[in-house]
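Trainee: Numbers 9 to 274, taken from the numbering used here, label the letters of the sequence shown in order. Encoded as structure tokens, here's the structure I'll be asking about.
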Amino acid sequence: MASSGSGYDLSSSTFSPDGRIFQVEYANKAVENAGTCIGIQCTDGVVMGVTKPLLHKMLLANSGKRIHTVSDTCGIAMTGFVPDGRQVINRGRDEATSYKETYGQSISPQVLSDRCATFVHYFTLHGSLRPFGATVVIGGYNAETKKHSLHMVEPNGVAFQYYACAAGKGRQPAKTELEKLELHKTPVTCEEAVKQIVRIIHMLHDANKDKPFELELSWICEATQWKHAGVPQATQKAAVEWAKEQLEEEEEDESDDDDDEDEMEE
9 MASSGSGYDL
19 SSSTFSPDGR
29 IFQVEYANKA
39 VENAGTCIGI
49 QCTDGVVMGV
59 TKPLLHKMLL
69 ANSGKRIHTV
79 SDTCGIAMTG
89 FVPDGRQVIN
99 RGRDEATSYK
109 ETYGQSISPQ
119 VLSDRCATFV
129 HYFTLHGSLR
139 PFGATVVIGG
149 YNAETKKHSL
159 HMVEPNGVAF
169 QYYACAAGKG
179 RQPAKTELEK
189 LELHKTPVTC
199 EEAVKQIVRI
209 IHMLHDANKD
219 KPFELELSWI
229 CEATQWKHAG
239 VPQATQKAAV
249 EWAKEQLEEE
259 EEDESDDDDD
269 EDEMEE
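Written out as structure tokens, the structure is:
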């Protein structure tokens, strides 16, 4: 009974006999079915990217944004159930405004992620509420310590700081690609991170199965004077061209290797 969730998935405040909260797991499933979200902490800032599926041909390209500014130095990217993510972002804005009024300075990304995580976790504690079906990635700059950081808040209310993170559809292969970059040993610049995010997203996209998408990219870096801003269109376009060339070269190398193996077998 416990493994199927029968009887134990009616409330987010009920544990199953094997210690699972099925409502939270269902919320994670909602995130896995949504667009891919990737964040990378760089030597000179933080870069975030999210895919937004174009569900209808008449949909205006810039509507339904997935990346939002919550303070001058912090931005939030979301994936999952969009209305849920929007509520977490609004809460983040409220926390940023309250912090500014109380302490006279912009909220740090660490404090913002902790407060958003507390808010998200609250919705897993009461039977009259349901967990948020959204994951948010927070990037920002701490003006006091002069450091930038990347954080992710998941539907269960847990928040961690990352060198790089991924959420949404294709999370596991995206994490694998990020680990190959070894960012904890050799961090990259923001411009290089933009290229890598675009490459990973295009690698995960299957044109035959997946719907067309719009890619949103933003960063907080020295070039923007540590303000959260969108990545310029020219930079995005150059990154897309580079990513497609890289993927084509990888496919050619794989096909050459396959031909060599066939010749050896013969």
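By construction, the Cβ of each residue, glycine as well, lies at the ideal position given by its N, Cα and C atoms.
Could you give the residue range of the beta strand (DSSP E) that holds residue 143?
Mentor: That run of the beta strand (DSSP E) goes 142-150.
Trainee: Would you call residue 214 buried or exposed, if buried means 16 or more other Cβ atoms sit within 10 Å of its Cβ?
Mentor: Classification of residue 214: exposed, given that the 10 Å Cβ count is below 16.
Trainee: Decide yes or no for the touch test of the stretch 15-35 against the stretch 173-190: beta carbon pairs closer than 8 Å, at least 3 of them.
Mentor: With a cut-off of 8 Å, the stretch 173-190 and the stretch 15-35 do not count as touching, because too few Cβ pairs lie within range.
Trainee: What residues are listed by DSSP as bridge partners for residue 250?
Mentor: Residue 250 is not bridged to any residue.
Trainee: Within the same chain, show all residues whose beta-carbon is closer than 7 Å to that of residue 239, passing over the 5 residues directly before and after it, in chain order.
Mentor: Counting only Cβ-Cβ distances below 7 Å, and skipping sequence neighbours, we find 202, 225, 226, 227.
Trainee: Determine the closest residue to residue 123 out of 113, 143, 138, 96, with distance taken between C-alpha atoms.
Mentor: Nearest option by C-alpha distance: 96.
Trainee: With residue 84 and residue 100 assumed to form a contact (beta carbons below 8 Å), what rounded beta-carbon distance in angstroms separates them?
Mentor: Confirmed, about 6 Å.
Trainee: Curious, which full-length alpha helix (DSSP H) runs of at least 4 residues does the stretch 180-212 contain?
Mentor: Runs of the alpha helix (DSSP H) inside the stretch 180-212: 198-212.
Trainee: Hey, would you say residue 145 sits closer than 7 Å to residue 45, going by beta carbons?
Mentor: Taking 7 Å as the Cβ cut-off, residue 145 and residue 45 qualify as a contacting pair.
Trainee: At 3 residues or longer, and completely inside the stretch 21-97: list those beta strand (DSSP E) runs for me, N to C.
Mentor: As far as the stretch 21-97 is concerned, its whole beta strand (DSSP E) runs of at least 3 residues are 45-50, 53-61, 75-79, 82-88.
Trainee: For my contact list, residue 196 and residue 223 are in at a C-beta cut-off of 8 Å; report their separation, rounded to the angstrom.
Mentor: With 8 Å as the limit, residue 196 and residue 223 do not qualify as a contact, their Cβ atoms being about 19 Å apart.
Trainee: Identify, in the order they occur along the chain, each residue of the same chain with its Cβ nearer than 8 Å to the Cβ of residue 259, setting aside the five sequence neighbours on each side.
Mentor: Excluding residues within five positions, none has a Cβ falling inside 8 Å.
Trainee: Below 8 Å on the Cβ atoms is my contact criterion, and I expect residue 142 with residue 93 to pass it. Report the Cβ-Cβ distance as a whole number of Å.
Mentor: That belief holds up - the Cβ atoms of residue 142 and residue 93 are roughly 4 Å apart, short of 8 Å.
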